[in-house]
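In the working numbering, each residue's number is its place in the sequence shown (first place is 1) plus 1.
All residues carry an ideal CB built from backbone N, CA and C; glycine is no exception.
The structure displayed is predicted, hence computed values, not measured ones.
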Amino acid sequence: MKNILTVIVVTAAIIFSGCQFNMMVPDTNPPNAPRGLYAVARDNRVNLYWNHNYERDLAGYRVYVSSSYDGRYQYIGSTQNDYFIDKGVTNGKTYYYAVSAYDYDGNESDLSRDGTFATPRPEGYGTTLNDYRTRPSTAGYDFSTYSIGYYDDQYTDIFYEYYAGVHYMNVWNDTDIKDMGYTNSLFDIEIAPSSGWSTTKDVVLAVGKTYVVWTFDDRYAKFRVVSLSPSRVVFDWTYQLQKGNPYLKRTMNDSPREFKFGPGAETRK
């Protein structure tokens, strides 16, 4: 009997010892907070991107939005990818974003420290304008109404000209325009410039170039030339609905517009 009890005790000790080796310790350590967060404004949506987290127990990311940088952030969705598309936005309104990471044990990191925001805005593709001398009713474009019209309409922002084999885009004296050079896409230019506007109030057009426009009512737009043919230009565009962008502040004159050609178009009359 004594030997039997000894065997039982030893066996129990071995089993208990094995259980100790197999015990799972709960994971209470959250993943690192995502880094490199940035937002890209599009038409009625915002695309979010951040650096990939390579921690082995990472399960996914949670996305939060706020109406102000230091405001209360609310959960809007989760993803296992290192990007997220927020389609619940409205053009002309600014949104602030933060992202957290969570693991398979439900541990969630702090919100990302990279503060990012975006203001979705309208965009258009394949807009066609004709030379203002031959077809004046389809030579101008008004970004605020997304419409083609007369080159000298009260609200026309830009108008197209084909002169001596050269393609021009003109603006009136209360508007500015700048050639931003060749770009791979319409979205390469993220911020409008604060200087370097054309002194002649026109630019020479080339396929693949992007141009920024500072409108008379203190908003900005950009367009990229898709194709050119005699007396015709086709371009894609985006337009910022918010007035008074921080990078484009100037004193506004609310008096009626006075239509005067810029020096460039004036010399070609």
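(1) Using only CA atoms, which one of G209, S230, S199, D237 lies nearest to D175?
(2) How far does the beta strand (DSSP E) with N174 in it extend, from its first residue to its last?
(3) So what's S79 in DSSP terms, helix, strand or just coil?
(4) Leaving out five residues on either side along the sequence, give the residues of the same chain with a beta carbon under 8 angstroms from the beta carbon of S110.
(5) Kindly give me the distance between the Cβ atoms of A193 and Y151, rounded to whole angstroms, as I take these residues to be in contact under 8 angstroms.
(6) How many angstroms separate the CA atom of G265 from the CA atom of Y169?
(7) Assign A139 to one of three DSSP states: helix, strand, or coil.
(8) Is there contact here, the segment 61-71 with the segment 83-92, by at least three beta-carbon pairs under 8 angstroms?
(9) Using the C-alpha atoms, what's the distance from V90 back to Y96?
(10) Tell me the rounded alpha-carbon separation between T211 and L229.
(11) Are there 16 or more other CB atoms within 10 angstroms of the CB of N52, so buried, or fewer, so exposed?
(12) Taking the alpha carbon of D237 as the point to measure from, which residue in Y164, N171, R136, V208 has its own alpha carbon closest?
(13) If you pair each beta-carbon of the segment 35-51 with each one of the segment 114-124, do three or more pairs fall below 8 angstroms?
(14) DSSP beta-bridge partners for L130?
(15) With A123 and N92 assumed to form a contact (beta carbons below 8 angstroms), what rounded beta-carbon distance in angstroms separates them?
(16) What are the uninterrupted segments assigned as alpha helix (DSSP H) that are 4 or more residues long and contained completely in the segment 175-215, given in chain order?
Answer, in terms of the structure:
(1) The residue labelled residue 175 in the question sits at position 174 within the sequence shown. Selected option, being the one with the closest Cα: S199.
(2) Translated into the one-based positions of the sequence shown, residue 174 becomes position 173. Segment: none, N174 is in no beta strand (DSSP E) and carries neither H nor E.
(3) Here the question's residue 79 lines up with position 78 in the sequence shown. Note: S79 maps to strand in three-state DSSP.
(4) Position 109 of the sequence shown, counting from 1, holds the residue named residue 110. Excluding residues within five positions, the ones whose Cβ falls inside 8 angstroms are P31, P32, N33, A34, P35, S101, A102, Y103.
(5) Taking the first residue of the sequence shown as 1, we reach residue 193 at position 192. Taking the first residue of the sequence shown as 1, we reach residue 151 at position 150. About 26 angstroms separates the two Cβ atoms, so there is no contact after all.
(6) In the sequence shown, the residue the question calls residue 265 occupies position 264. In the sequence shown, the residue the question calls residue 169 occupies position 168. Cα to Cα, the separation comes out at about 9 angstroms.
(7) Indexing the sequence shown from 1 puts residue 139 at position 138. The amino acid at residue 139 is misidentified as Ala; the sequence shows Thr. Correct three-state label for T139: helix.
(8) yes
(9) Position 95 of the sequence shown, counted from the start, is the residue given in the question as residue 96. Position 89 of the sequence shown, counted from the start, is the residue given in the question as residue 90. So the alpha carbons of these two residues sit roughly 8 angstroms apart.
(10) Along the sequence shown, read from residue 1 onward, the residue named residue 211 stands at position 210. Along the sequence shown, read from residue 1 onward, the residue named residue 229 stands at position 228. Answer to the nearest angstrom: the Cα atoms are 14 angstroms apart.
(11) To locate residue 52, count along the sequence shown from 1; it is residue 51. The residue in question, N52, is exposed, as its Cβ has fewer than 16 Cβ neighbours within 10 Å.
(12) Here residue 237 corresponds to residue number 236 of the sequence shown, with the count starting at 1. If we check each option's Cα against that of D237, V208 comes out closest.
(13) yes
(14) Numbered from its first residue, the sequence shown carries residue 130 at position 129. Beta-bridge pairing links L130 to V234.
(15) In the sequence shown, the residue the question calls residue 123 occupies position 122. In the sequence shown, the residue the question calls residue 92 occupies position 91. Correcting the residue type first, residue 123 is Pro in the shown sequence and not Ala. Right, the Cβ-Cβ distance comes to about 6 angstroms (below 8 angstroms), so this counts as a contact.
(16) none
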